Amino acid sequence: MSTVLQDPQTIETPNYLNAEYGWKSWLFTTDHKRIAVLYMISITVMFVLGGIFAGLIRLELLTPQGDLVNSDTYNKFFTMHGIIMVFFFLIPSIPATLGNFLVPMMIGAKDLAFPRINLLSWYIYIAGALFALIAIVMGGVDTGWTFYTPFSSTFSNTFVITAAVGVFIAGFSSILTGLNFIVTIHKMRAPGMTWGRLPLFVWAHYATSLIQVLGTPVVAITLALVGLERAFHIGIFDPAIGGDPILFQHMFWFYSHPAVYIMILPGMGVISELVSCFSRKAVFGYSFVAASSIGIAVIGFLVWGHHMFVTGMSMYASLYFSLLSFLVAVPSAIKVFNWTATMFRGSISYDTPMLYAFGFIGLFTIGGLTGLFLATLAVDVHVTDTYFVVAHFHYVMVGGMVLAYMGGLHFWWPKITGRMYPEGWAKFSALLVFVGFNLTFFPQFIAGYLGQPRRYHAYAPEFQVYNVLSTAGATVLGVGYIIPFIYFMWSLKYGPLAGNNPWKAKGLEWQTTSPPPTYNFETPPIVTEEAYAYAAHKEEHGG
Amino acid sequence: MHPVSSVRTYVLVWLTLTILTFVTYYVAQIELGEWNIVVALLIAFFKMMLVILIFMNVKAESPLTKLFVGAGFFWMVLLLGQVAIDYISRTWMPEGKMW
Amino acid sequence: MPPPPWGGLPKQMQIPFLPEAASTTAASVDYLYYYLSAVTVVMSTLIFAAVFIFAIKYRRRSDDEIPEPIHGSLKLEIAWSVIPFLIMLTFFWWGAQIYFANASPPPDAMDVYAVGKQWMWKIQYPEGQREINELHVPVGRPVKVTLASEDVIHSFFIPAFRLKHDVVPGRYDSMWFTATKPGRYHLFCAEYCGTEHSGMVGWVTVMSEPDYENWLSNGGAEGTMVQQGERLFGQYGCSTCHQLDQQGRCPILRGVYGSRVQLNDGKTVLADDAYIRESILNPNAKIVAGYKSDVMPTYVNQINEEHLLQLIVYIKSLAITKAPGAVAAPGTEGKK
Amino acid sequence: MADTHGAVAEHNPNLRHHFDTMEQQFDSATLGMWVFLLTEIMFFGGMFCAYMIYRSMYPGAFASTSMHMDPMFGAINTAVLIVSSLSMALAVRAARLGQQQALQILLLVTIFFGLAFLGVKAFEYHAHWVDNKVPLFAGHWDYSNTKDFPNQAQYARPAQILFCFYFFMTGFHAVHMLVGVVLMLTIFMMARRGKFGPTYFTPVEISGLYWHFVDIVWIFLFPLLYLIGRTKKLI
Ligand code: HEA
Ligand code: HEA
Ligand code: CUA
Ligand SMILES: [Cu+2]
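Protein chains in written order, with our numbering: chain A, 1 to 543; chain B, 1001 to 1099; chain C, 2001 to 2336; chain D, 3001 to 3235.
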């Protein structure tokens, strides 16, 4: 793609963007594509907010003394950073935006099964986000994103109820999205779109939806119980009357471990699409990659106790959860190996989305493998609640999911907006993100093994080297995120027209116009071939 | 769409449910030790199955619906069972070793 | 351990990669860590190399080339799920070994008591020393730290020992270690516990045996924990009911600790720290056979964790040594 | 699928644009409801889980608190709910067969019994309030020994936890009942306006599923909260 400005024409075909105008046409839309855009805007706002908190965290940690803000403020920083990034950015990130946009198109449906519920889920999300924002404006929360009792239920004197209500509400938006996907994927597939032909992106979203539907209610009730305990000054987690704080952790992690797979499976779905498209080759071991998504979703519910190895949980339970944590790593390994094998004898291009896919494979592998350190009992005893854990989860969440989101955004941007972004800048910022990311989070592995505890506002001076590196990296990372923000805005107006299928990709979404018309397809598609059948019509492409 | 059950079936189920309610009520007054809870839960489970299969008509539903109903049970068991693993095995700590 | 390779550099330029290893556990955890790191490096190098090589070797040469499809291989799939899993099982096995070795202290471990409180560690020794945010231990002797919390969950973390344990309110936790190297090491609170969580830090001083004895002998002005406990036993009015050798409305506490107590619901319990603690805070939870409930008042919210520990140590000192697990007769008759 | 069935091609006004057939629409709605019920199972499941743990930790306290519930009310309420489930099932049947008159009457019966349940529940709550068995409100908690319960003070601390369970579980259940009643009222209004017929009764069907689910929750709550330790004379 050349970045030379071709005279950007306007898009004439009727599409979901020019179907109607005015803010009402957006706020009352039931079109899954418009709702996806609404979500995209909202989570971007939340990401910037979470990112600002991250910046403040890193700024504070530049020096060991903790001299920028006081400790209460710092505690609120990382809490709000964690809550916003997890519940209001990463969990809805790919499912509610790319998933919302693409799942119906990829299976050849006109919309999701329940378009009004889809819109409702966005409003619920906004309501939840408002509560979170109110909690911030009123003075913040300082419990950590994990809301551990009895600190959250009895001791903290910040706006825990408000924040918990926000998360509780946002949970229902996540549930409704999942519900909609499950029904849509079961009932709305186009003729010929059998389960064995579903794009892996759709499989990944099906697995994600299962977790959303089965896990989220448990965290909802758990946080509701914490909220009630605060409101009435009595409840079931209070050790003073015989309650067990560890039970809270069980119930919290029953959701929140599977939730980390809500935060990675959609990304894995994106990577499957990217690797296949930019290798022009069917994904190696399609059925294994599909099945491994379901495997992760199910086994993911068996391992939550690995967050509790030092809490005084029974040793035997620790053994059980440790063993199963290794089992859940197997399906992830299958995916990594299959992506790599897909590239073998492919025709690989280095377009920006593929660069993000390379980044994902590398960083997710490191993040996942360090997850294995944590699942190893004796090592976790030493590194739990240190920066080692912080580094692990940023590798999988930022290095994994955020890169996948960025990759997917670049890949489907032409479909969503009908326009291309400037390739040169995109490649440059992908590189910046990769370098900045590693600089930020790799040193934290070392600091963590050295013993720097997490959630520390001031730390022992010997850790400073690593923190300085980390802060420097975060700056680079921040710049790496700002550039795409600018050029995406630019491309909305000035980007060259993309055409229906700029990547020559397979998949129903590429067969319709860019941007797609309101009901996605002019004529209802009928599917006659496998997913990723790049070689099926070889002769048509000439050669 | 699936056939509807007869009014008779519904009324019979209702009768069974009502009778079982009073059975639970009275069985609870008989000393059975640990078995009281077991009996109570078994009866409740049986009542639930009646409601699910006949009132909610799952009996005549597609395998897919049955699968989802089954999944509900399965995940409940995952939650309760694995939390129980911790609490049950806490007392397995070798006794005699003071801590 | 040999001096670290960066040992010769000027102080500012020393960049450590591992914390000091100063306990028996530390070395074994480090070996496991090396092993895990090695596997990680190998696996990720393999994957990165494959990605790199494929990306370069099979780069797209013309815009409309379409490679031959390869649909998969069952053998490969099985290989790359089973082999990594087997490797991971070695992680599991090794990790579990060390974890279990750390589960229960050797019987001859010396006792130390630590109470976490927003935001400090209060340490007491049976000999009567008390310190705040300082822990002194002798080298080469197993030490068991009994952990209690006054308020929220804290976590007792000594990086140089590669050990930590959460301190959960409402119960006792414990951990044990054998220090191997004299020196001063960090003590951190590793579970987020509110405002000054990052200030809940201190030092562990490992001393040679003579230094330790020396240190023990100055201090302890208030007497040993047993003596303090005995004093509290009077202050809180325990002694008005519980007399040492005369049985009245309430059990004699001599010989209770470590025995199996017969309860009035027919069950028996082992009288360990947790049981004594519960007997004091929530006496009605378990009633000793032959006694009435509601005679002993509850002391919840009246005795803090430190005093509780002193009382327990005192009651413990009344134990008559005998094989643990033997069932005591109902009440405490017949005990000397 | 799209145009193979000539029969459905004549457009039903209730068919929403993004579905191809009425059958697809109906199946989606029912499946959607079942998935929603899955989430409800896990929602209550969280509480049942915590209940299970505490009950095994404090069996005596649980039995003691249970003595303060009147199992007769519980049983009557169970019976009331079962009747409402019967009328609901019959209402769905009537809807399927297109019997409009019967549908409306049966819906009213369901609503009536739903309200009856809530009425009894309110009555019970009031009794606990008067009896000072509401630890949630300062000044409404008293668990010292009384004539009928000479030894209950020994359970005073964990009993608070268990009363919290009682109020949280029955409270969430009551909220679900309330939602159900409102739902039924809506369905009733729709039925009166002649919305339903033998080809379109999806809303009746899926609200029926919801109603039965709420019934099932109570089937478990009744023995778990009211019927513990009934055999021990006095706790
Ligand atoms: C996207 C999110 C995400 C993902 C995908 C993962 C994936 C994994 N995580 Fe992580 N984790 C988090 C997010 C995530 N985690 C978060 C947020 C926390 C902290 C929460 C908090 O306390 O605030 C956390 C904490 C955490 C802990 C608790 C640490 C502690 O607090 O003490 C543990 C412990 O076992 C763990 C383990 C794992 C494992 C085993 C995986 C596995 O699924 C990884 C599997 C992947 C691979 C293994 C890589 C690919 C495999 C190969 C290339 C094969 C080759 C391998 C071999 C030959 C061995 N994680
Ligand atoms: C989706 C999840 C997600 C994401 C994307 C991130 C992104 C980042 N996180 Fe996040 N982090 C968490 C989830 C996430 N984090 C969680 C769950 C915790 C645990 C919280 C807890 O303990 O309770 C945590 C904790 C955490 C800590 C530990 C705090 C502590 O324990 O004391 C640190 C410290 O370095 C950190 C840093 C960063 C950085 C530098 C980024 C960067 O990647 C962010 C880069 C992005 C931007 C900078 C925004 C875009 C740029 C702009 C809009 C320009 C304007 C901004 C600036 C110039 C600053 N995070
Ligand atoms: Cu105490 Cu953190
Ligand atoms: Cu986890």
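Here a beta-carbon is modelled for each residue, glycine too, at the ideal position from N, C-alpha and C. Remember, predicted model here, so these are calculated numbers, not experimental data.
Considering only residues of the same chain and omitting the five flanking positions on each side of residue i, which have a CB-CB separation below 8 angstroms?
i: C:G2223; result: G2128, R2231
For residue i, go through chain B and note every residue whose CB falls closer than 9 angstroms to its CB, in chain order.
i: A:S314; result: I1085, D1086, Y1087, I1088, S1089, R1090, T1091, W1092, M1093
i: A:F301; result: W1075, L1078, L1079, Q1082
For residue i, which option in the options has the closest C-alpha, if you only look at C-alpha atoms?
i: A:F248; options: A:P496, A:T149, A:A135; result: A:T149
i: A:T146; options: A:N438, A:L38, A:K110, A:G82; result: A:G82
i: A:T194; options: A:G108, A:S174, A:A447, A:L228; result: A:G108
i: A:A291; options: A:H382, A:F364, A:A220, A:L198; result: A:L198
i: D:M3237; options: D:V3134, D:T3231, D:L3225; result: This structure leaves residue 3237 of chain D out entirely; chain D is present only between 3001 and 3235.
i: B:R1008; options: D:G3045, D:A3089, D:I3041; result: D:A3089
i: A:V398; options: A:V37, A:T29, A:W26, A:F47; result: A:F47
i: C:S2062; options: A:V383, A:S491, A:Y350, A:S209; result: A:Y350
Who are the near neighbours of residue i in its chain, counting only those whose CB is closer than 6 angstroms to its CB and skipping five residues on each side?
i: C:F2157; result: K2164, F2188, A2190
i: D:A3029; result: T3202, I3206
i: A:S121; result: S173, L176, T177
i: A:W253; result: W304, H307
i: D:Y3166; result: L3225
i: D:I3219; result: none
i: A:N75; result: D142
i: C:M2296; result: P2283
Can you find the residues in the same chain that come closer than 7 angstroms, C-beta to C-beta, to residue i, ignoring five residues on each side of it along the sequence?
i: A:A207; result: L265, S293, I294, I296, A297
i: C:D2151; result: K2117, Q2118, P2169
i: A:G543; result: Only weak support exists for where A:G543 lies, its pLDDT of 34 falling under 50; the coordinates are left without a value.
i: A:S2; result: Here the model assigns A:S2 a pLDDT of 43, short of 50, so the residue's position is not dependable, and the following value carries that caveat. Within the same chain, A:S2 has no close Cβ partners at all.
i: A:A472; result: L439
i: A:G300; result: I211, H257, P258, Y261, V328
DSSP puts residue i in a beta bridge; with which residues?
i: A:S276; result: Beta-bridge pairing links A:S276 to no other residue.
i: C:R2184; result: C:T2205
i: D:W3218; result: Note: D:W3218 sits in no beta bridge, so no partner.
i: C:Q2124; result: C:Y2113, C:R2130
i: D:G3197; result: D:Y3200
i: C:A2157; result: What sits at residue 2157 of chain C in the sequence shown is Phe, not Ala. Answer by DSSP bridge pairing, in chain order: C:K2164, C:F2188.
Are there 16 or more other CB atoms within 10 angstroms of the CB of residue i, so buried, or fewer, so exposed?
i: C:Q2124; result: buried
i: C:H2071; result: exposed
i: A:E509; result: buried
i: C:Q2310; result: buried
i: C:K2286; result: buried
i: B:Y1026; result: exposed
i: D:S3056; result: exposed
i: C:G2258; result: buried
Taking Cβ-Cβ distances shorter than 7 angstroms, what residues in chain B pair up with residue i?
i: A:Y320; result: I1085
i: D:H3212; result: V1051, F1055, M1056
For residue i, return the contacting residues in chain C, with the cut-off set at a CB-CB distance below 9 angstroms.
i: A:A460; result: H2186, F2188, V2201
i: A:P245; result: V2152, I2153, V2168, P2169, G2170
i: D:Q3154; result: N2282, P2283, N2284, A2285, I2287, S2293, D2294
Starting from residue i, find everything on chain D with Cβ-Cβ shorter than 7 angstroms and list it in chain order.
i: A:L214; result: L3038, M3042
Quick one: list the residues of chain D neighbouring residue i, beta-carbon separation under 9 angstroms, in chain order.
i: A:L119; result: What A:L119 touches in chain D: nothing, since even the nearest Cβ is about 13 angstroms away.
i: A:P217; result: L3038, T3039, E3040, I3041, M3042, F3043, F3044, G3045, G3046
For residue i, which residues in chain A fall below 9 angstroms Cβ to Cβ?
i: C:V2029; result: A378, V379, V381, H382
Which residues of chain C have a Cβ atom closer than 8 angstroms to the Cβ of residue i, listed in chain order?
i: A:R197; result: Neighbours of A:R197 on chain C: none; closest Cβ ~14 angstroms, over 8 angstroms.
i: D:R3230; result: Under the 8 angstroms cutoff, chain C gives no residues; its nearest Cβ is about 17 angstroms from D:R3230.
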